[in-house]
Amino acid sequence: MLLTSEPVSGAQGASLQATAPGTPPLIVHLIHQLGVGGLENGLVNLINNMPPTHYRHAIVCLKDYTDFHQRITTPGVQIISLNKLEGKDWRHYLRLYRTLRDLRPALIHTRNLGCIEGLLLAALAGIKLRVHGEHGRDMHDLHGTNWKYNLLRKMMRPLVGHFIAVSQDLQSWLVERIGAHPARVTHIGNGVNSLQFHPRLGPAAAVGPPGFLCNNAFVIGSVGRMVDVKDFKSLVQAFLLLLAQEPGPGSRLRLIIAGDGPCREACLAQLRQAGVASLAWLPGARDDVPQLMRAMDLFVLPSLTEGSSNTILEAMSSGLPVVATTVGGNVDLVQPGWTGTLVPPQAPDLLADAIADYYSMPELGPRHGMRGRRQVLAEHSLLAMSDAYLAVYDAMFQSLHQQS
Numbered sequence: 001m002l003l004t005s006e007p008v009s010g011a012q013g014a015s016l017q018a019t020a021p022g023t024p025p026l027i028v029h030l031i032h033q034l035g036v037g038g039l040e041n042g043l044v045n046l047i048n049n050m051p052p053t054h055y056r057h058a059i060v061c062l063k064d065y066t067d068f069h070q071r072i073t074t075p076g077v078q079i080i081s082l083n084k085l086e087g088k089d090w091r092h093y094l095r096l097y098r099t100l101r102d103l104r105p106a107l108i109h110t111r112n113l114g115c116i117e118g119l120l121l122a123a124l125a126g127i128k129l130r131v132h133g134e135h136g137r138d139m140h141d142l143h144g145t146n147w148k149y150n151l152l153r154k155m156m157r158p159l160v161g162h163f164i165a166v167s168q169d170l171q172s173w174l175v176e177r178i179g180a181h182p183a184r185v186t187h188i189g190n191g192v193n194s195l196q197f198h199p200r201l202g203p204a205a206a207v208g209p210p211g212f213l214c215n216n217a218f219v220i221g222s223v224g225r226m227v228d229v230k231d232f233k234s235l236v237q238a239f240l241l242l243l244a245q246e247p248g249p250g251s252r253l254r255l256i257i258a259g260d261g262p263c264r265e266a267c268l269a270q271l272r273q274a275g276v277a278s279l280a281w282l283p284g285a286r287d288d289v290p291q292l293m294r295a296m297d298l299f300v301l302p303s304l305t306e307g308s309s310n311t312i313l314e315a316m317s318s319g320l321p322v323v324a325t326t327v328g329g330n331v332d333l334v335q336p337g338w339t340g341t342l343v344p345p346q347a348p349d350l351l352a353d354a355i356a357d358y359y360s361m362p363e364l365g366p367r368h369g370m371r372g373r374r375q376v377l378a379e380h381s382l383l384a385m386s387d388a389y390l391a392v393y394d395a396m397f398q399s400l401h402q403q404s
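Going left to right, the sequence shown walks through residues 1 to 404 as UniProt numbering numbers them.
Given below as structure tokens:
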């Protein structure tokens, strides 16, 4: 793997990406930052599972990359950081243009609004094949209605050869709101490593600080970046409501939220103020998520918006029932009454009621969890995901060859 903190230029760029006859075409993936996140996890899974004989890959980060890049197992993947400053950093446009000119990719794949302007620079750099992916929204535009954002998307739309949406919600939105031609939009859901994320094979994994788990604990769990859009405060509020129904130090209920971010301290403060901090464990970012999930009895995702949640898929693959909010791609993944339960966002009382159903009916969780596991194996394998992306890339190359 080649790591670069500055854009390659001149002879260096040419030597790094020089192509011999028969060398697979290069795809540049343009993202904001390579760190912990669902989009980034999907990109790493894609590169690791796509046949190396078909395409080579480079990742260009507008900002930078973290140790997360070590999850890439495919050899020869170049990662470039453009070190974009916060706000409008006009010079980064020039750095991006020069990087694309030096890399000379056959195809560029941009992701989300923050990278969409890269399509214009890619066109100016002579890159004929351009793919744009929509993976979800943020707190500034929960429902995809921000007119400034959508105006930019519409301006860039003619430069996109094909759109990829990770949920049916985003697919419909691209067609109906952005005006993309339906034939140029493909829905490709995320995939999950079902060998890594598997149901517990015996007793629940021992996790947390000493004394955290009791013999008959019912563990409510979640994983994700602790930011406003994930709304973990609602999960903590639901947990407190459940404890109020079952007071006393002998409560079986436990809460695990794995992830880091600006909202973590606020959630910890909620728990401390209620005097139940010992019943919850918020360890920050973790690299042992599969083991943590095998310690859970129920997975809960209270997000305000979602694309196609990797953590829901990982939980389902781990044989867990899922309680999630009725937003974005969650409704594609969770089948109410079959693999889990859906509740409206920002409704801690309804979230608590849904959790209580699994707590009070012990046979319900394993039944929903096994159905979810079967759904993941049938519809969300890493092979199926990589094959779907491969089909889009192949079709674009075939179309270009037919035109030439």
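Cβ coordinates follow ideal geometry from the N, Cα and C atoms, glycine included.
Do you know whose CA, among the options, lies nearest residue i's CA?
i	options	result
ALA315	LEU382, PRO182, VAL276 and HIS198	HIS198
TYR55	LEU400, ASP394 and SER399	ASP394
ARG374	ASN146, THR339 and HIS29	THR339
ILE27	LEU390, ASN83 and THR341	LEU390
GLN291	LEU268, CYS267, ARG264 and GLY319	GLY319
PHE212	HIS92, SER278, ASP64 and THR145	SER278
ARG157	VAL166, LEU170 and LEU174	LEU174
ASN330	HIS401, VAL392 and VAL166	VAL166
ASP102	SER194, ARG91, ILE80 and LEU113	ILE80
ASP67	LEU82, ARG91 and ASN41	ASN41
VAL36	PRO209, ARG98 and VAL227	VAL227
LEU107	LEU201, VAL392 and ALA378	VAL392
ILE220	ILE31, ALA378, PRO321 and GLY133	PRO321
Return yes when the Cβ of residue j is within less than 8 Å of the Cβ of residue i, no when it is not.
i	j	result
GLY307	GLY284	no
LEU34	HIS69	yes
LEU235	LEU382	no
GLN237	PRO348	yes
LEU242	ALA280	no
residue 405	SER222	Because the chain spans 1 through 404 in this model, residue 405 falls outside it and cannot be assessed.
VAL207	ALA295	yes
residue 430	ILE178	What is shown of the chain runs 1 to 404, which leaves residue 430 out entirely.
THR325	PRO302	yes
residue 409	PRO345	This structure cannot settle anything about residue 409, because the visible part of the chain is limited to 1 through 404.
LEU100	ALA122	yes
ASP387	GLN168	no
HIS380	GLY191	yes
LEU129	PHE397	yes
CYS115	LEU62	yes
ILE164	ILE188	yes
GLY38	ASN310	yes
GLN196	LYS233	no
THR74	PRO105	no
VAL334	LEU298	no
GLY240	ILE257	Looking at the sequence provided, one finds Leu at residue 240 rather than Gly. Result no, Cβ atoms of LEU240 and ILE257 do not sit closer than 8 Å.
VAL185	GLN171	yes
TYR97	ALA125	yes
Looking only at its own chain, which residues have a Cβ that is under 7 Å from the Cβ of residue i, when we skip the five neighbours before and after it?
i	result
ALA18	At ALA18 the pLDDT is 46, less than 50, meaning the model places this residue with poor confidence and gives no usable figure here.
ALA14	Summary for ALA14: the model assigns pLDDT 34, below 50, so the residue's position carries little reliability; its value from the coordinates is reported in the next sentence. Same-chain partners within the cutoff: ASP102.
ASP64	GLN33, SER81 and ASN83
ASP138	VAL229
Provide the residue span of the alpha helix (DSSP H) that contains residue i, from first to last.
i	result
CYS61	Note, CYS61: premise wrong, no alpha helix (DSSP H); beta strand (DSSP E) at 56-61.
VAL331	330-333
residue 428	Shown here, the chain extends from 1 to 404; a query on residue 428 therefore has no answer.
GLN403	382-403
LEU94	91-103
THR311	310-317
ALA122	118-124
LEU170	168-176
Taking residue i as part of the beta strand (DSSP E), name the residues at either end of that continuous run.
i	result
LEU243	Run containing LEU243: none in the beta strand (DSSP E); it sits in the alpha helix (DSSP H), 232-245.
VAL219	218-223
TRP147	TRP147 -> not in any beta strand (DSSP E); alpha helix (DSSP H) instead, spanning 147-156.
PRO283	280-284
VAL185	185-187
VAL322	322-325
ILE257	253-258
GLN78	78-81
ALA165	162-165
Could you name the residues of the same chain whose beta carbon sits closer than 6 Å to that of residue i, not counting the 5 residues immediately before and after it, in chain order?
i	result
GLU6	Low confidence applies to GLU6: its pLDDT is 43, below 50, so where it sits in the model is not reliable, and the reading given next is rough at best. Answer for GLU6: no residue qualifies.
ARG71	VAL44
VAL131	HIS109 and HIS162
LEU142	LEU304 and THR305
GLY372	MET316 and THR339
ARG225	GLY259 and GLY261
ASN49	LEU382 and SER386
SER399	none
LYS230	GLY224 and SER303
At a threshold of 7 Å, does residue i count as lining the ligand FAD (C-beta to nearest heavy atom)?
i	result
LEU383	For the ligand FAD, the structure offers nothing, since it holds no ligand at all.
Quick one: does residue i have its CB under 8 Å from some CB of chain D?
i	result
GLN168	Looking for chain D here will not work: only one protein chain is present.
Tell me which residues share the same chain as residue i and place their Cβ nearer than 8 Å to its Cβ, disregarding the 5 neighbours each side in the sequence.
i	result
ALA384	GLY191
PRO203	none
GLY150	Before going further, note that residue 150 is Asn rather than Gly in the sequence given. GLY144, ARG177 and ILE178.
- Message: With a threshold of 8 Å, are at least 3 pairs of Cβ atoms found where one atom belongs to the region 83-97 and the other to the region 352-367?
- Response: no
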